[in-house]
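The next block holds one structure in the form of structure tokens; read it before the comments.
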Amino acid sequence: YELSSAKTAAIEQAIDENPISEPDSKEDIEGIAAVLRSIAETAEEVASEYQDSFDNMPENLQGGSVAQDMEEKAQEIESWKDTLESDAEEIDSMAEDYESKGNERDELIARESELEVQVEELEELLAAPKDRLEDDSGRGELTGKLAALKTELEGLPDQIESLTSELGDMASEVEGKAIDAIGEFSL
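Here's what the structure looks like:
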């Protein structure tokens, strides 16, 4: 009934086979959550092995230090597994937020392109000879519209940059959370 690092080697192998890196998409984030779940499944199997080893010991040996160490390891691994599963759930919800912010940023980028085209067209129209516009009120209306488009366009780069920064922060947070959760394994 010797304590064996061979049992925990399965967990170490699951960790080594699934390196965590900063995600670039909702799918990457969901993949990280899946990795945590996979490692949690392995941890559950290992915890069960330790608990089974303890349970199968004769009662007169269950009070000994080796037996107590087995039961303690089973409980520690089970607790760590619960942490991994909880973090995987949290990371899954972060994937939805990441996708939402990414879509919002993409919409702003598309809007920025649309506005740039509209501004260019209005500037060309206003630069045309006066006789191409029906009257000065039409020119004034176009000038007002151009000013409004330029104002909207001015704010978009900051909004896009802000969302891009938030996405980067979220990606770093996901990576850090996963690495921290996995790093808690120390038997």
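So the sequence shown is numbered by my numbering: it starts at 3 and just counts up by one. Note that CB positions come from ideal geometry on N, CA and C, so glycine has one too.
Test item: CB-CB of residue i and residue j under 8 angstroms
i	j	result
A35	I93	yes
L86	I13	no
Q70	L110	no
E1	L144	The requested residue 1 is not part of the displayed model; the chain covers only 3 to 189.
D89	L38	yes
K9	E74	no
K83	E46	yes
A97	E32	yes
K147	Y100	no
Residue i - DSSP class collapsed to helix/strand/coil
i	result
N62	helix
A11	helix
A130	coil
N105	helix
L5	Caution applies to L5, whose pLDDT of 47 falls short of 50 and renders its modelled position unreliable; the value that the coordinates give is listed next. Reduced to three states, the DSSP call for L5 is coil.
P159	helix
S88	helix
S40	helix
S167	helix
F187	coil
D26	coil
E51	helix
E98	helix
Any 3 or more C-beta pairs closer than 8 angstroms across the segment 45-64 and the segment 138-157
Touching, no, given that fewer than three Cβ pairs across the two stretches are closer than 8 angstroms.
Are there three or more Cβ pairs, one per stretch, closer than 8 angstroms when the segment 170-180 is compared with the segment 17-31?
yes
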